[in-house]
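Undergrad: One gets our numbering by counting positions in the sequence shown from 1 and adding 218 to each.
This is the structure I have questions about; it appears just below.
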Amino acid sequence: MCSHGFLRDDTVRKSLQPPYTGPYQVVSRDEKTISIIINGQTSRVSIDRVKPAYILAEEPQKESRDPPKFYIKTPSVTRVPDTARSKSPPTYTTRSGRQVRFKKP
């Protein structure tokens, strides 16, 4: 037996209106009916209209004094030394090993 359940509303609904209401606390269950508390009163409804509600237990929050720190790594570009001073622009090597040359304006 579940502790809470949603109750299906069989009326004509407008758009974006949920088909289930609740969750409501379950008091007892028979073979074909279930007793739930709606607005402080116990109501007996068919078990076909009830969908079990899965409620997560609340965990105590751990106090954190310092906010988490996030570091963003920027891609590093290493310059390959040019042994011969030629007219070609300097060549850079990326982290993935590709060589990149930029044109001078």
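All residues carry an ideal CB built from backbone N, CA and C; glycine is no exception.
To the nearest angstrom, how far is the alpha carbon of Asp266 from that of Gln243?
TA: Each residue's alpha carbon lies about 16 angstroms from the other.
Undergrad: State the DSSP-derived secondary structure class of Arg316, mapped to helix, strand or coil.
TA: In this structure, Arg316 counts as coil in the three-state DSSP scheme.
Undergrad: Taking buried to mean at least 16 other C-beta atoms within 10 Å of its own C-beta, is Val268 buried or exposed?
TA: Buried.
Undergrad: Could you work out which residue in Ile254, Thr312, Gln317 is closest to Pro264 when comparing CA atoms only?
TA: The residue you asked about is not Pro; residue 264 is Ser in the sequence shown. Closest by alpha carbon: Ile254.
Undergrad: Would you call the CB atoms of His222 and Ala275 closer than 7 angstroms?
TA: The answer is no: Cβ separation not under 7 angstroms.
Undergrad: Starting from the C-beta of Ile256, find all residues in its chain whose C-beta is less than 6 angstroms away, skip the five residues before and the five after it, and write them out in chain order.
TA: So the qualifying residues of the chain are Tyr242.
Undergrad: Report the rounded CA-to-CA distance for Lys322 versus Glu277, giving the unit in angstroms.
TA: Whole-angstrom Cα-Cα distance: 60 angstroms.
Undergrad: Just to confirm before moving on: does the CB-CB distance between Val245 and Thr229 stay below 7 angstroms?
TA: In this structure, Thr229 does not lie closer than 7 angstroms to Val245 by Cβ.
Undergrad: Note down the Cα distance separating Asp227 from Asp248, rounded to an integer number of angstroms.
TA: Taking the straight line from one Cα to the other gives about 21 angstroms.
Undergrad: If distances are taken between C-alpha atoms only, which option among Thr251, Lys250, Gly240 comes closest to Gly258?
TA: Among Thr251, Lys250, Gly240, the Cα nearest to that of Gly258 is on Gly240.
Undergrad: Is it right to say Ile252 is buried, meaning 16 or more other beta carbons lie within 10 angstroms of its own, or is it exposed?
TA: Its Cβ being crowded by 16 or more others within 10 Å, Ile252 is buried.
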